[in-house]
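Each remark here refers to the structure printed beneath this line.
Numbering (the working numbering), first residue to last: 1 to 372.
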């Protein structure tokens, strides 16, 4: 059975490359990789690390592209790919615009869809935006659901999905860490931060652009000024809005290092060496707890409540005073830090990709019978 895997952004690539590798090791499944290029350079870095070659690259990325542009370009490109390949199933991941548009194209062509990282919910369609809508819409048209946790499965069952089509696999992000995190890793950033408690800061969410992003950066700069033993590393997203805000507020500080987006090996290993993480990202909420790092989540709600329940994540929002208060607390309270850093990882055992392949093989048997 032919499996077409579609993704377009760096986070999707990190989480889908282990699935691709697992499918390619499996007799009975043929893997076809289609990237949309929603991210371009950052996407290729991940493919190189995992030694994955795309069979199709839609190369949709354009300067100042909008959600309209991405959706149209992906739908048109995916339509052509699936009409040519006629796969038994198409796998999409998570909640990007690539994922939504690809799933909708498959639905129009009546091609079965498998949703990796299905069932995550905040139940607020604008938080995160547009991701919450994307993931709910994809789950409406999917045929197989690979839920990372039991709570994600419960969300799907409450929405009426058939239990025999929903599988708890763990998160493939944990699988990826086995390839990227290295004991002997070194980097100039680590040399720069030596002797200090290093904080990794990432902020890029569309709903945080403007005042919220300024609040985040201003709060961090204030704490760095007050706490002489910390240094902050901030990989700055390439979006011009984020670039301008980050350099205006955080630039020219001797203990804040603004860097270009890091490749996946550097990024994962710097997470592993960091003291704690400040982020509005989704994927880091899974990766950091797996590496024993506390995470202050720069959002008011999260679709990954398991980490909050386990104690490894804490929602701190985007209010300047609240961020400062929570950051001060964890820097000063060693018991709180130990509690968060030693919390059990709720996102799986690093074998999610293998579980997905096993489920696909069972799907293949049904698919083959139907073909006969």
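From the three backbone atoms N, C-alpha and C, an ideal C-beta is built for every residue, glycine too. Since we're looking at a predicted model, the values are computed, not measured.
- Counting along the chain, where does the alpha helix (DSSP H) carrying residue 223 start and finish? Against the chain shown, residue 223 aligns to sequence position 223. Residue 223 -> alpha helix (DSSP H) spans 211 to 226.
- Nearest residue (CA-CA) to residue 53, options 126, 35 and 40: Along the chain shown, read from residue 1 onward, the residue named residue 53 stands at position 53. Comparing Cα-Cα distances from residue 53 to each of 126, 35 and 40, the minimum goes to 35.
- Task: Could you tell me whether the segment 233 to 247 touches the segment 195 to 205, where touching means 3 or more Cβ pairs closer than 8 Å?
- Result: yes
- Top-ranked residue by Cα proximity to residue 73, from 98, 350, 83 and 87: For the purposes of this step, residue 73 is identified with residue 73 of the chain shown, where counting begins at 1. Considering only alpha carbons, the answer is 98.
- Can you list, in chain order, the residues of its chain whose CB lies under 7 Å from that of residue 245, leaving out five sequence neighbours each side? As a first step, residue 245 is located in the chain shown; it is residue number 245 there, counting from the start. So the list reads 213, 214 and 217, once near-sequence residues are dropped.
- Helix, strand or coil at residue 17 [DSSP, three-state]: Counting from 1 along the chain shown, the entry for residue 17 is found at position 17. Here residue 17 sits in helix by DSSP.
- Query: Taking residue 190 as the reference, which of 60, 257, 358 and 340 has the closest Cα?
  - Reply: Taking the first residue of the chain shown as 1, we reach residue 190 at position 190. Nearest option by C-alpha distance: 257.
- the segment 113 to 126 contacting the segment 58 to 68, beta-carbon criterion three pairs below 8 Å: no
- Run through DSSP, which three-state label would residue 30 get? By 1-based counting over the chain shown, the position of residue 30 is 30. Reduced to three states, the DSSP call for residue 30 is strand.
- Item | Whole-angstrom distance between residue 114 and residue 208, CA atom to CA atom | Looking up residue 208 in the chain shown gives position 208. Looking up residue 114 in the chain shown gives position 114. Distance between the alpha carbons of residue 208 and residue 114 is about 30 Å.
- Beta carbon of residue 265, beta carbon of residue 180: below 8 Å? The sequence position of residue 265 within the chain shown is 265, counting from 1. The sequence position of residue 180 within the chain shown is 180, counting from 1. Yes.
- Query: With a CB to CB cut of under 7 Å and the five nearest residues on each side skipped, what residues in its chain are close to residue 9?
  - Reply: Position 9 of the chain shown holds residue 9. For residue 9, where only same-chain residues beyond five positions count, the Cβ hits under 7 Å are 38, 39, 43, 96 and 98.
- Item | N-terminal and C-terminal residue of the beta strand (DSSP E) that residue 114 is part of | Sequence index remark: in the chain shown, residue 114 carries index 114 (1-based). 113 to 116 is the extent of the beta strand (DSSP E) around residue 114.
- Query: Given 8 Å as the limit, is there contact between the segment 220 to 229 and the segment 319 to 332, that is, 3 or more CB pairs closer than that?
  - Reply: yes
- Which of helix, strand or coil does DSSP assign to residue 93? Locating residue 93 in the chain shown gives position 93, counting from the first residue. In this structure, residue 93 counts as strand in the three-state DSSP scheme.
- Give me the Cα-Cα distance between residue 12 and residue 31, rounded to the nearest whole angstrom. Residue 12 sits at position 12 when you count from the first residue of the chain shown. Residue 31 sits at position 31 when you count from the first residue of the chain shown. Approximately 17 Å between the Cα atoms of the pair.
- Message: Rounded to whole angstroms, what is the Cα-Cα separation between residue 364 and residue 261?
- Response: Position 364 of the chain shown, counted from the first residue, corresponds to residue 364. Position 261 of the chain shown, counted from the first residue, corresponds to residue 261. Cα-Cα distance, rounded: 39 Å.
- Message: Using CA atoms only, rank isn't needed, just tell me which of 5, 25, 304 and 353 is closest to residue 86.
- Response: Position 86 of the chain shown, counting from 1, holds the residue named residue 86. Among 5, 25, 304 and 353, the Cα nearest to that of residue 86 is on 5.
- Message: Under 8 Å: do the segment 334 to 341 and the segment 159 to 177 share three or more Cβ pairs, one atom per stretch?
- Response: no
- Burial state of residue 312 (16 or more Cβ within 10 Å): As a position in the chain shown, residue 312 is number 312, starting the count at 1. Residue 312 is buried by the Cβ-count criterion.
- Can you check DSSP and say which residues form a bridge with residue 75? Taking the first residue of the chain shown as 1, we reach residue 75 at position 75. DSSP lists no partner for residue 75.
- Which residue comes first and which comes last in the alpha helix (DSSP H) that contains residue 180? Translated into positions along the chain shown, residue 180 becomes position 180. Per DSSP, residue 180 belongs to the alpha helix (DSSP H) from 172 to 180.
- Query: With distances taken from CA atoms, which of 325, 267 and 222 is nearest residue 45?
  - Reply: For this step, residue 45 is matched to residue 45 along the chain shown. Checked all of 325, 267 and 222; the closest Cα to residue 45 is 267.
- Task: In the DSSP assignment, find the unbroken beta strand (DSSP E) run with residue 235 in it and report its ends.
- Result: To locate residue 235, count along the chain shown from 1; it is residue 235. Where residue 235 is concerned, the enclosing beta strand (DSSP E) stretches over 230 to 235.
- Message: For residue 1 and residue 144, I'd like the C-alpha separation in whole angstroms.
- Response: The residue labelled residue 1 in the question sits at position 1 within the chain shown. The residue labelled residue 144 in the question sits at position 144 within the chain shown. So the two alpha carbons sit approximately 15 Å from each other.
- Looking at C-alpha atoms only, which residue of 238, 250 and 319 is the closest neighbour of residue 224? Within the chain shown, numbered from 1, the residue matching residue 224 stands at position 224. Selected option, being the one with the closest Cα: 250.
- With residue 64 as the anchor, note down where its beta strand (DSSP E) starts and where it stops. Sequence index remark: in the chain shown, residue 64 carries index 64 (1-based). Looking at the DSSP string, residue 64 is not in any beta strand (DSSP E), and its letter there is neither H nor E.
- Query: So, helix, strand or coil for residue 245, using DSSP?
  - Reply: As a working mapping, residue 245 is identified with position 245 in the chain shown. It is helical.
- Query: Do residue 297 and residue 276 have their CB atoms nearer than 8 Å?
  - Reply: Along the chain shown, one-based indexing puts residue 297 at 297. Along the chain shown, one-based indexing puts residue 276 at 276. No, these two residues do not count as a Cβ contact at 8 Å.
- Query: Going straight from the alpha carbon of residue 306 to that of residue 93, what length do you get?
  - Reply: Counted from its first residue, the chain shown places residue 306 at position 306. Counted from its first residue, the chain shown places residue 93 at position 93. Distance between the alpha carbons of residue 306 and residue 93 is about 19 Å.
- Message: I'd like the list of long-range same chain contacts for residue 293, defined as Cβ closer than 7 Å, with 5 residues on each side in sequence excluded.
- Response: The residue labelled residue 293 in the question sits at position 293 within the chain shown. Excluding residues within five positions, the ones whose Cβ falls inside 7 Å are 271, 274, 276, 277 and 341.
- Use the C-beta contact count for residue 136: other C-beta atoms within 10 angstroms, 16 or more gives buried, fewer gives exposed. The sequence position of residue 136 within the chain shown is 136, counting from 1. Residue 136 should be labelled buried.
- Task: Mind checking which residues open and close the beta strand (DSSP E) that includes residue 198?
- Result: Locating residue 198 in the chain shown gives position 198, counting from the first residue. Counting along the chain, the beta strand (DSSP E) containing residue 198 begins and ends at 197 to 202.
- Task: State the Cα-Cα distance for the pair residue 15 and residue 220, rounded to the nearest angstrom.
- Result: Here residue 15 refers to the residue found at position 15 when the chain shown is read from its first residue. Here residue 220 refers to the residue found at position 220 when the chain shown is read from its first residue. Residue 15 and residue 220: Cα-Cα distance of roughly 29 Å.
- Just curious, the beta strand (DSSP E) that residue 314 is in, first and last residue? Counting from 1 along the chain shown, the entry for residue 314 is found at position 314. Note, residue 314: beta strand (DSSP E), 313 to 315.
- Item | Short CB-CB distance (under 8 Å) between residue 201 and chain D | The displayed structure is made up of one protein chain only, and chain D is not part of it.
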